[in-house]
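Sequence positions in the sequence shown follow this note's numbering and run 12 to 186. Heads up, the beta-carbon is just placed ideally off N, CA and C, and yes, glycines get one too.
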Amino acid sequence: MRRIASHGYARSNPSQNDAGGTSEKADIVVASANPMYSYLDQCLKTIVHALMLVRYGGMRIIASPCQELLGPPFLRELYYKSLSTGWPTPEEYAQMMQSGAIKDVADAVGILKFLQSNDSALTLVCDHSFEQDLANLRFSHASTIQEALDEATARPGTDSKVLVMPYGAVTHLVP
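Shown next, in the form of structure tokens:
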């Protein structure tokens, strides 16, 4: 594995990051949702930041305790209504929002951004007690970052480019 960067900032143009000037995005992005991680909705900022830095078809690993997993009841309902029957395309979800099928549009925007995933896989590293909820929403789960990283490197191989974002929620993307 080759480290691309591990700062409190990352460039949205990865060719300017600190490990050799590659023009490619990372194969794997490992990001901590710190300091916003009480529940999944707070992790969306980290998930979206990681999306901007991972290559098409790559892997995002988001480490978050998510003590409240889906958060308050209205968010839990929103996630289940939005994702449990299969992930709609971003266009389908935007139509659901416009038609009024999704009532909480403010939080739904985060889910819409999440759905624009460039075919990159997403694994949440959190407590195993949430495994069934995550499976119901079609999220991948790992108990440790190492477990998620081992799974991620099995796909593109051990020569993967890895970007580490220790403070994913507050990482500033620099153009």
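DSSP three-state assignment for residue i, whether helix, strand or coil
| i | result |
| --- | --- |
| T33 | With a pLDDT of 44 at T33, under the threshold of 50, the predicted position of this residue should be treated as unreliable, and no value is reported. |
| A105 | helix |
| Y91 | helix |
| G172 | The sequence given here places Lys at residue 172; Gly does not occur at that position. Residue state, collapsed to three classes: strand. |
| M70 | strand |
| T164 | helix |
| L145 | helix |
| L135 | strand |
| A44 | coil |
Which listed residue (the options) has its alpha carbon closest to that of residue i
| i | options | result |
| --- | --- | --- |
| S93 | F85, Y104, P83 and T164 | Y104 |
| P84 | L64, D115 and T96 | D115 |
| L123 | T134, M108, S95 and V175 | M108 |
| S95 | Q143, I73, A117 and Y178 | Q143 |
| P99 | D38, R149 and D170 | R149 |
| I113 | T57, E88 and Q127 | E88 |
Contact check, residue i vs residue j, beta carbons under 8 angstroms
| i | j | result |
| --- | --- | --- |
| S154 | H139 | yes |
| L80 | Y50 | yes |
| V136 | P46 | no |
Paired residues, beta bridge with residue i - DSSP
| i | result |
| --- | --- |
| I39 | M70 and V173 |
Contact set for residue i: own chain, Cβ-Cβ below 7 angstroms, skip 5 residues either direction
| i | result |
| --- | --- |
| G121 | D52 and L55 |
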